[in-house]
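Residue numbers (the working numbering), protein chains in the order written: chain A, 421 to 860; chain B, 96 to 678.
These notes concern the structure reproduced below.
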Amino acid sequence: MFSLPPFRIRITAEHARSARLILSRSIALRPVSFCQALMVMAMVAVFASSYAPGVKADDIDPKDWDAVLDQATEQEVFWHAWGGETRINDYIAWVGDQVRERYGITLRHVKLSDTAEAVSRVLAEKQAGRDDQGAVDLIWINGENFAAMKRQGLLFGPWSEDLPHYALVDTVGKPTTTVDFTVPVDGLEAPWGMAQIVFYYDTARVPAPPTSMIDLAAWARENPGRLTYPQPPDFLGSTFLKQVLYEVIDDPQRLQQPVSAGEFATLASGLWAYLDELHPVLWRDGKVFPQNGAAQRVLMADNEIDIAVSFSPSEASTAIADFELPDTVRSYVLDGGTIGNTHFVAIPYNASHKAGALVVADFLMSPEAQLHKQNPEIWGDGTVLDMDALSAEEQAAFDALPRGVATLSPEALGTPLLEPHPSWMELAEDEWVRRYGTGQ
Amino acid sequence: MVPNTVIQATPGSALRLIPVITLALMLGPVFAGLVGTILPAFGYLPALGGGQFGLAIFQELLAVPGLGRSVWLSLFTGVTATIVSFLLVVLFCAAWYGTTWFRWLERLLSPLLSAPHVAVAIGFAFLIAPSGWVMRVFSPGLTGYTQPPDITIIHDPYGVSLMLGLILKEVPFLLLMTIAALGQVDARRTQRVALSLGYGRMMAWLTGVLPQIYPQIRLPILAVLAFSLSVVDVALVLAPTTPPPLAVQLLRWMNDADLSLRFLASAGAVLQLGLVVLAILLWLVGERIIAAIATLIVTSGWRFQGDASARVMVLITVVIMVSAVFLGVLGMAIWSFAGFWRFPMALPDQLVLRNWMRLGADLWSIIGLTALVASLASAFAVVLSVLCLENEAQQLWRHRRGGRLPQPKPWRPPIMWLLYLPLLVPQVAFLFGVQVLLILLALDGQFMSLVWAHLVFVLPYVFLSLGDAYRRFDDRYIRTSLCLGRGPVITWLVIKLPMLLRPILIAMAVGFAVSIGLFLPTILIGGGRFDTLTTEAVALSAGGDRRQIGVFTQLQLILPLLAFSVAMALPALLFRHRRGVQV
């Protein structure tokens, strides 16, 4: 809880281990499987009795928007959101000002160091039988945490598709707004922002950065000790592994299908060959890894490494503006494309102020809030909206946004690669820990 | 017999309830929390569908790759750090007690006590890393490095940097505890007698003084041991990562989105608890062995007269250690104003206020809340400690009056050591259970619950810090006042309170400092609704930027320093016309 993933990471890609819940891998893999299977069944039984998707007892109907607005007035909304980045905290404070002025809602940002803290919170409340008047009204979430909460019936909804501004969301051009790490969103969370893998490097030290994972390994051999990646199962590190998988696997389409442990051993052998060769030339001989993307950025800032991976296209520009990185740093993406996804906000099943949370979630999707968020001087987080659905004026405002010196244009970012099925990530993480994470 | 009747007329019976109430306040959460942790470890957690008791989860725990190494790492680093800290403190006292050097270092070390562990660790890491401050100062001039050497210093596989980081923070604590204990024995004259018998300075202290004070510093040592074995924040900054120590690993499970890992986390917490118990037992056995060996040495008559070089070596070690902490803190202070600052620049290329300014108005509300919680928790702790100690004093009074001879050692109610339980049980092992309990009582996320949670951790330190001064109070002052016809309450208010004001305020400042450093209780019990300096600092350390961390580190240091200054200044101001009460 002390060293946590850099913001987008936590938000963007929490994918992998949701697989455990989805697949109940333990049934196949572990000696305790029977016991766990019992638990899963018991869980389903417990939650089936208490969890009814749809309108809850407190008569909130997202379709009746005027009634929602009425109810929301004067509400105090507790938004649990990762608080590790000052500029994001500032943006959330701005949202707070806006919703107070417009709707009379008081927004309280509960700053988490790990989104799972909010999940724990809701779980603890469920355990104590508090099925309304919960402490959490809104959570900034995606991937793994969303999958866990959805699976356990800890979420209110469906609601997101009923929000007025949802009509503007680009569900066709940005398919990750409806499928969160292969888990269908089903209206249980509202899309808030976009993220994509980029690499950043110091042009003063690396004239021509390697534009594929294979070339990256070759570059590392020529520049030993100047590359590393966050330690899996940190999700950014795990995404690094997935990015390698995309290149070393014979048929990248296969990544969209579930994989068994047996198949994985054959199909992913290229990944381990790649890493076995890469690790000896990594920073600290591949014996020590930064714990997350932020720790990796500090290494870049300290001049310990020359190339770093990130889940936020604007991370390098932000860091330059904050004096963290030299202004010679630039971003790039791989020739074959990089993995991308969406982050969301969700409402717990027992939230005390659902109407207020709905109104805040809707405001977050409004063109105005999305525009403010995408401004790199504010935050620089990509919009989830469909430009063609906006008015000419709004489109012009988006076009006029400045870009940070090290931020790529949407064209340069290209179309993101889809996240592989969670089973890949889960098996890769476990095997990584077994091979490289246990010392000696 | 007049005074005695008066005493019996005191609110003594109500007073006698105070220790019971205090212990209930302190231990209730600990036991409830432990139950809430142990049940899931054996498979029982209905909200997650675990309704069956069994050992399956422990089997799963043992199958975790790298677990053995995690456990070994925790045990090795925790025990070694404690032994080294203890040795340093004892040797330093032996070599330099009663000298100017000693007083000087004591004064320097006291403020360090209030520095949060994680702040010291981050500063230390920045100092020693290959791209750290020391290397920056000498590069490229002396070393020729234009980029940092690729060598492992922090996160080293044997946990050496972790142990050093822990020692930096534990030595000041143990030293101050030792100094407090020294006040209770006649250390100076004991040492002088031994010197006159021809013993070297260090040997004189080790044979004459140490055995007298050891029983009184045992508890603080065990608290250090338990803390070092289960530390999380320092470990995240300095410990190896492949695999990490057990406490880090189990907190990771606890925070994992995969809720089924809660069971594993609970089993890990039970294992962690077992480790602490094992280490404490090892320590107690070690004590016996050392005592036996030491007896042989002492009875051999070895006087170790030529200890000059040993003394200098001890002094150099301690001075290096103190400098490391101060340079680390200074480094973080510079970071909080730093513009661009990259290896091998010895200093930032510009100093800016931006890192401070961007926090704006929020900062004041955070500081206000932090100070409020800390003040309330430490005030409650002081009131409870004073009442418990006063009860103890009165019982002692009755005890003596009962015809028994005064005891050679201060007589203590045997049960009060339970107060220290929250320091000996790893926080991660019981706080989740406490959270569930508070939700059941509908007390979660309430301001007073937060103060209560802080009280649980603040009170032991306050009690520890106040106890000695309070017990040493010469109750002939009280008897005189009673004889002169004043009631017991007035006597306490007019005589005892003013005379003890200074230690009481210092104890309160200690409690204040402890409260400011608390992270897990604040985030878990406060329901995340209360932002304190430490929760902000830890949330920001996720972002990794030393500038922001530097800002909060400075604030974490400044607030307790202010509290200590008030604790020193207030009595001086109040008693400026009474030289006898000044210390």
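We treat Cβ as the ideally placed atom computed from N, Cα and C, and that holds for glycine.
Hey, how far is the Cα of residue i from the Cα of residue j?
i: A:PRO482; j: A:TRP579; result: 6 Å
i: B:GLY138; j: B:THR177; result: 34 Å
i: B:THR390; j: B:LEU533; result: 51 Å
i: A:MET461; j: A:ALA610; result: Since pLDDT at A:MET461 reaches only 38, below the 50 mark, its modelled position is unreliable, and no value is offered.
i: A:PRO842; j: A:PRO678; result: 7 Å
i: A:VAL779; j: A:ASP486; result: 10 Å
i: A:ALA714; j: B:VAL174; result: 31 Å
i: B:THR195; j: B:LEU207; result: 19 Å
i: A:ARG854; j: A:ALA781; result: 41 Å
i: B:GLN490; j: B:ARG111; result: 9 Å
i: A:ILE442; j: A:VAL603; result: For A:ILE442, the pLDDT reaches just 33, beneath the cut-off of 50, and the residue's location in the model is therefore unreliable, although a value from the coordinates is still provided. Computed Cα separation, rounded: 9 Å.
i: B:LEU156; j: B:GLY363; result: 7 Å
i: A:ARG507; j: A:SER732; result: 14 Å
i: A:LYS531; j: B:PRO114; result: 38 Å
i: A:TRP692; j: A:ILE725; result: 23 Å
i: B:PRO306; j: B:ILE316; result: 15 Å
i: B:ASP539; j: A:LEU575; result: 21 Å
i: B:ILE461; j: B:ILE653; result: 14 Å
i: B:PRO124; j: A:LYS774; result: 32 Å
i: B:ILE388; j: B:LEU516; result: 31 Å
i: B:TYR565; j: B:SER323; result: 29 Å
i: A:SER540; j: B:ILE308; result: 45 Å
i: B:VAL557; j: B:SER256; result: 30 Å
i: B:GLN286; j: A:GLY503; result: 55 Å
Is it right to say residue i is buried, meaning 16 or more other beta carbons lie within 10 angstroms of its own, or is it exposed?
i: B:TYR572; result: exposed
i: B:TYR253; result: exposed
i: A:VAL592; result: exposed
i: A:ALA457; result: Confidence at A:ALA457 is low in this model, with a pLDDT of 39, below 50, so its placement is unreliable and the value that follows should be read with caution. Exposed: under 16 other Cβ atoms inside 10 Å.
i: B:TRP199; result: exposed
i: B:GLU368; result: Looking at the sequence itself, residue 368 of chain B is Leu, so the reference to Glu does not match. Classification of B:LEU368: buried, given that the 10 Å Cβ count is 16 or more.
i: B:SER291; result: exposed
i: B:ILE223; result: buried
i: A:PHE454; result: Here the model assigns A:PHE454 a pLDDT of 38, short of 50, so the residue's position is not dependable and the matter cannot be decided.
i: B:GLN344; result: buried
i: B:GLN147; result: exposed
i: B:THR241; result: exposed
Just list the residues that DSSP pairs residue i with in beta bridges.
i: A:ASP622; result: A:VAL749
i: A:PRO611; result: A:PHE764
i: A:GLN616; result: A:GLY760
i: A:GLU496; result: A:THR526
i: A:VAL383; result: The first residue shown for chain A is 421 and the last is 860, placing residue 383 of chain A beyond what the model contains.
i: A:SER730; result: A:VAL618
i: A:ILE559; result: A:HIS500, A:ALA766
Under 7 Å between beta-carbons, which chain D residues line up against residue i? List them in chain order, please.
i: B:GLN530; result: Looking for chain D here will not work: the only protein chains present are A and B.
* Stretch-stretch touch, CB-based, cutoff 8 Å, three pairs: the segment 306-325 of chain B with the segment 270-290 of chain B -> yes
* Asked: Does the segment 371-378 of chain B come within contact of the segment 221-228 of chain B, defined as at least 3 CB pairs closer than 8 Å?
  -> Fewer than three pairs of CB atoms, one per stretch, sit closer than 8 Å, so the segment 371-378 of chain B makes no contact with the segment 221-228 of chain B.
* For the segment 397-410 of chain B and the segment 295-309 of chain B, state whether three or more C-beta atom pairs, one from each stretch, are separated by less than 8 Å. => yes
* To do: Note down, in chain order, all residues in the segment 428-439 of chain B with a beta-carbon under 9 Å from any beta-carbon belonging to chain A.
  => ALA433, GLY434, PHE435, TRP436, ARG437, PHE438, PRO439
* To do: Note down, in chain order, all residues in the segment 540-561 of chain B with a beta-carbon under 9 Å from any beta-carbon belonging to chain A.
  => GLY540
* Near-chain B residues of the segment 704-735 of chain A (beta-carbon distance less than 7 Å), N- to C-terminal order -> Here the close residues are ARG704, LYS707, VAL708, PHE709, GLN711, ALA714, ALA715, ARG717, VAL718, ALA721, ASP722, ASN723, GLU724.
* Asked: Within the chosen definition, does the segment 622-629 of chain A reach the segment 694-706 of chain A through at least 3 CB pairs nearer than 8 Å?
  -> no
* Asked: Quick one, which residues of the segment 235-250 of chain B are near chain A if we go by CB-CB under 7 Å, in chain order?
  -> Answer set for the segment 235-250 of chain B: GLN242, PRO243, ASP245, THR247, HIS250.
* In chain order, what residues of the segment 516-546 of chain A put their CB closer than 8 Å to some CB of chain B? -> Of all residues in the segment 516-546 of chain A, the ones placed with a Cβ closer than 8 Å to any Cβ belonging to chain B are ARG528, VAL530, LYS531, LEU532, SER533, ASP534, THR535, ALA536, GLU537, ALA538, VAL539, SER540, ARG541, LEU543, ALA544, GLU545, LYS546, in chain order.
* Is there contact between the segment 634-641 of chain A and the segment 599-613 of chain A, where contact requires at least three CB pairs shorter than 8 Å? -> no
* Tell me, please, whether the segment 594-613 of chain B touches the segment 455-474 of chain B by the rule of three or more beta-carbon pairs shorter than 8 Å. => The segment 455-474 of chain B and the segment 594-613 of chain B touch, with three or more beta-carbon pairs separated by less than 8 Å.
* To do: Count the C-beta pairs between the segment 561-575 of chain B and the segment 592-609 of chain B that are closer than 8 Å, then say yes if the count reaches three, no if not.
  => yes
* Would you check if there are 3 or more beta carbon pairs closer than 8 Å linking the segment 820-827 of chain A to the segment 734-745 of chain A? => Inter-segment contact for the segment 820-827 of chain A and the segment 734-745 of chain A is present: three or more beta-carbon pairs are separated by less than 8 Å.
* Asked: Can you list, in chain order, the residues of the segment 646-678 of chain A whose Cβ is nearer than 9 Å to any Cβ on chain B?
  -> ARG646, GLN651, PRO653
* Asked: Which of the residues in the segment 184-205 of chain B, read from start to end, lie with their CB under 9 Å from any CB of chain A?
  -> none
* Asked: Quick one: any contact between the segment 643-651 of chain B and the segment 575-595 of chain B, if contact means 3 or more CB pairs under 8 Å?
  -> Not touching, per the Cβ criterion.
* Asked: the segment 491-511 of chain A: which residues have C-beta closer than 9 Å to a C-beta of chain B, in chain order?
  -> If the cut-off is 9 Å between Cβ atoms, the segment 491-511 of chain A has PHE498, HIS500, TRP502, GLY503, GLY504, GLU505, THR506, ARG507, ASN509, ASP510 near chain B.
* To do: Identify each residue in the segment 205-226 of chain B for which the Cβ-Cβ distance to at least one residue of chain A is less than 8 Å, and report them in chain order.
  => Correct list: VAL213, ALA224, PRO225, SER226.
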